[in-house]
Amino acid sequence: MLGEKKQLMVARDLYTDPTFPASDTSIFFNYCTPLAQFRGEISWLRPKDICSSPRLFSNNLQDVQVKQGILGDCWFLCACVALQKSKYLLNKVIPPGQPSWTDESYQGCFTCRVWQFGHWVEVTIDDRLPCLGGKLCFSQCQTEDLFWLPLLEKAYAKVHGSYEQLWAGQVADALVDLTGGIAERWILKGPGKNVEKGKTGMVLEKAVFRRLMNLKEQCVMSCSVLNSRQGGSELGEFHAFIVIDTLDLSEVSGKEIFLLRIRNPWGRRCWKGPWCEGGQGWNQLDPVVASELRSKLLSQIQEGEFWVDEEEFFREFDEITVGFPVNEEGHLQSLYTEKVLYHSQNVFGSWVKGQSAGGCRNNSSFPSNPKFWLRVWESSEVCIALLQKHRKYSTDWAG
């Protein structure tokens, strides 16, 4: 990989990736998503052809707000927030020191890293990006001359085989790929909602929910809507959001009011709930306090952001996904005890027909399935995560 990149620096022409070309084969998989309507309309441009002074990053946090384009990969964009919370992860996923567009050594290629089944894998791409009408048509930053996000999205699409294969997914999967860590998903059982039988995931109790909120500065929290309910069409369907802040109003209200600040990756269509401008939620506060607080809170939010209270959150959203914090030394931190988990171990197994493919527990061959022993010497916390390699990863996409 590094040898390949050194050879690129010698070349005069800007790099073009032969394994992920600027063509429909990199956009589409089987034309089964709404992307198909743009077949033949998408062009590929380098950042210098999109704006006059492209940059990779900005020092202003407001500039790095992620915005979703016409690709249904909100799940991936929510996970990208992890890189904004950790310098360690940012440098791990997007290695520093790469030539940018103003450097003489710029050759039109960038390298990202993605965690895949126990290893960080380097993925090199050219910087030609899908556009409609001369503008980025997939993900972008709030400030349009920043390009770390669309370049990372392209590398992730290369890992999956095409952009279209990023349409719909789980935030937890993307969090693992971008952090090398662990993510957990809970079902939000609010008023009037029944948890379906056989539904995977734990039901989140409010006590655990409050404890998780204390970690909001250290880890990514995403909430999802699976099916829009009556009156909730503004939130969409099968859509993921980002929890970016919380506020406890108990002291100023004299009652238990807990607010959450939510960001929609669409960057538009805010939720018109009780805590919007002119909403009924403010009537629960003293008029003077409400006026000052409303002015302060609503002036902070960006386009696509909104405030909800705890009851509203549990009612309107179906799931919450939380990534384990990763400290600047690269160690995971427990969501439950907040202790640093210093030791980690990857073990690998496979199902081989006639040897270790034992099937489900109803089969007499079940004991032949791969197994690993864990000997516990003293009371301690252990986190176990399982990953299964998809068949599509059997090809050599890294390059």
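Residue numbers 2 to 400, in the working numbering, belong to the letters of the sequence shown in order.
Idealized CB from N, CA, C, for every residue including glycine.
- Following the DSSP letters along the chain, one finds Leu261 inside the beta strand (DSSP E) bounded by residues 259 to 264.
- For the set Val221, Leu15, Pro275, Ser251, the Cα lying nearest the Cα of Glu105 is the one of Leu15.
- Judged by DSSP in its simplified three-state form, Asp50 adopts helix.
- Here DSSP, grouped into helix, strand and coil, assigns Pro131 to strand.
- A check of alpha carbon separations from Phe30 across Ser296, Leu150, Arg212, Tyr164 identifies Tyr164 as the nearest.
- Counting only the Cα atoms, Gly355 lies some 33 Å from Gly182.
- Beta-bridge annotation (DSSP): Arg186 is paired with Thr322.
- Annotation for Leu299: Glu278 place their beta carbon closer than 7 Å to its own, counting only its chain and skipping 5 residues before and after.
- Looking at the DSSP output, Arg56 shares a beta bridge with Leu147.
- Take Glu313, set aside five residues on each side of it, and the residues of its chain with a beta-carbon closer than 7 Å to its own are Gly274, Pro275, in chain order.
- Going by DSSP, Ala175 is part of the alpha helix (DSSP H) stretching over 172 to 180.
- The segment 215 to 222 makes contact with the segment 234 to 247, as at least three CB pairs between them are under 8 Å.
- Relative to the Cα of Lys159, the nearest Cα in the group Thr34, Ile28, Gln303 belongs to Ile28.
- Cα atoms of Gly134 and Thr17: separation of roughly 22 Å, rounded to the nearest angstrom.
- Per DSSP, the continuous alpha helix (DSSP H) segment holding Ala208 begins and ends at 207 to 214.
- Cys224 has Phe242, Ile321 as its beta-bridge partners, per DSSP.
- If you check the CB distance, Leu72 and Ser24 do not come in under 9 Å.
- Here the C-alpha atom of Leu153 lies approximately 8 Å from the C-alpha atom of Ile95.
- For Cys113, the uninterrupted beta strand (DSSP E) segment begins and ends at 110 to 117.
- If the five residues before and after Leu260 are omitted, its C-beta is found closer than 6 Å to the C-beta atoms of Leu248, Trp308, Asp310, all from its own chain and listed in chain order.
- Contact annotation: Leu57 and Leu130 have beta-carbon atoms that are not nearer than 9 Å.
- In summary, Tyr157 is buried, with 16 or more beta-carbon neighbours lying within 10 Å of its beta-carbon over all protein chains present.
- Closest option to Asn347, judged by alpha-carbon separation, among Ile321, Gln389, Trp149: Gln389.
- Judged by DSSP in its simplified three-state form, Ile71 adopts coil rather than helix or strand.
- The C-beta of Lys68 has 16 or more other C-beta atoms within 10 Å across all chains shown, which makes the residue buried.
- Straight across, the Cα-Cα distance linking Pro326 with Phe77 is about 17 Å.
- Taking 3 residues as the shortest admissible run, the segment 318 to 370 contains the following complete beta strand (DSSP E) segments, listed from N- to C-terminal end: 320 to 324.
- Per DSSP, Asp310 is one residue of the beta strand (DSSP E) stretching across 306 to 310.
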